[in-house]
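Reviewing the structure listed below.
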Amino acid sequence: MEENSNNTGFNKGFLMAVIGWLVTIITMPLALTLVQEGRIDFDIFIDPLFLVFFLLYGALLLIIWGPAAWIISKAYRKKGTNKALLLTVAVYVISILVFFGCTGAL
1 MEENSNNTGF NKGFLMAVIG WLVTIITMPL ALTLVQEGRI DFDIFIDPLF LVFFLLYGAL
61 LLIIWGPAAW IISKAYRKKG TNKALLLTVA VYVISILVFF GCTGAL
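Residue numbers for the sequence shown follow full-length UniProt numbering, so the first one is 1 and each next one is one higher.
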């Protein structure tokens, strides 16, 4: 019996959410240095304490991106790529607001 891919939660919408989560984890340290120092500093990826902080932040982001992945996946199945991409960008913006709200950088 052939399995229907429309019944699974792992479609391109879910992949969009996973990529969005990874992009959020990578871009947040760069955005923080841009806001605080006025320039992008790639040396922060060398500091172990900074890396631990952002790995913990990545785990915290799963609280946001976990349910969002399910919603984005469902939107991809029912409404297509455009709606899923719009939701991915919206969750990314929410993640930025949460990050800067937690760090007090804004």
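Beta carbons: idealized from backbone N, C-alpha and C, even for Gly. Please read all numbers here as calculations on a predicted model, not as lab measurements.
Check the C-beta distance from residue i over to residue j and give it rounded, since I have them as a contact under 8 Å.
{"i": "ILE72", "j": "SER95", "result": "Between SER95 and ILE72 the Cβ distance is about 13 Å, and since that is not below 8 Å, they are no contact."}
{"i": "ALA69", "j": "VAL18", "result": "7 Å"}
{"i": "THR103", "j": "LEU34", "result": "About 13 Å separates the two Cβ atoms, so there is no contact after all."}
{"i": "ILE44", "j": "PRO29", "result": "5 Å"}
Provide the residue span of the alpha helix (DSSP H) that contains residue i, from first to last.
{"i": "GLY104", "result": "It is not in any alpha helix (DSSP H) - GLY104 carries neither H nor E in the DSSP assignment."}
{"i": "ILE63", "result": "48-79"}
{"i": "PHE14", "result": "12-37"}
What's the call for residue i, buried or exposed, on a 16-neighbour Cβ count within 10 Å?
{"i": "GLU2", "result": "Note that GLU2 scores a pLDDT of 39, beneath 50, so its modelled location is shaky and nothing firm can be said."}
{"i": "ALA90", "result": "exposed"}
{"i": "PHE10", "result": "exposed"}
{"i": "GLY13", "result": "buried"}
{"i": "ALA84", "result": "buried"}
Please identify the residue among the options whose C-alpha is closest to the C-alpha of residue i.
{"i": "LEU51", "options": "ILE25, ASN82, ILE40, ASN11", "result": "ILE25"}
{"i": "GLY20", "options": "THR88, LEU97, PHE99, VAL98", "result": "THR88"}
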